[in-house]
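Heads up, the sequence shown is in our numbering, so the first residue is 1 and it goes up one at a time. All C-beta atoms, glycine included, are put in the ideal place defined by N, C-alpha and C. What follows is a single structure, written as structure tokens, with notes after it.
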Amino acid sequence: PEEEYQWFYEGRNGWWKYDPRTSNDLETIYKLGDAQCELLICGMLYVIDFVNKCQYRKYNPRYKRNIKRDTKDAPCKGVSGVR
Ligand code: V3L
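Take a look at the structure:
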């Protein structure tokens with residue numbers, strides 16, 4: 001069934017939705033209780049840290065983005081960089 005929750009990552013002045021496949025993967029892994037996971041996003045390997053609620057590139061962790069789990073209707077800038 002379609003997930004009730006949506007995962008978001010932070011942009012400059014608001015939140016972006018993760019693409020549907022990634023958001024559903026995150027929801028599945030989150031429910032397993034894992035502290036973090038690694039996912040390929042746009043050909044780049046990212047660490048998603050559920051404990052510290054952030055994501056960063058595995059091989060270039062300088063830039064951390066906040067992430068959140070929220071309802072699908074939460075305000076956002078768009079989906080995966082597309083307004
Ligand atoms: N899903 C899709 N693209 C991503 C993701 C993700 N989870 N994480 C990073 N990127 P970094 P404003 C974002 C993109 O963190 O104007 C938005 O989607 C990221 O795209 O250094 O600041 C917008 O397209 C960025 O282009 O790894 O709100 C864009 O930023 C690139 O990967 C501008 O958004 C490097 O991010």
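- For D49, the closest C-alpha among the options K68, G78, N60 and N24 is that of K68.
- Between L45 and R57 a beta carbon distance of about 7 angstroms is seen, short of the 8 angstroms cut, so the two are scored as contacting.
- Classified as exposed, T28 has fewer than 16 neighbouring CB atoms from the shown chains inside 10 Å of its CB.
- Annotation for N52: no beta strand (DSSP E) segment contains it, and DSSP assigns it neither H nor E.
- Here R57 is bridged, per DSSP, to Y46 and N60.
- The Cβ-Cβ distance between S80 and W7 does not fall below 8 angstroms.
- Taking the C-beta atoms as reference points, G14 is found nearer than 8 angstroms to C76.
- Burial check for T71: the Cβ neighbour count within 10 Å stays below 16, so the residue is exposed.
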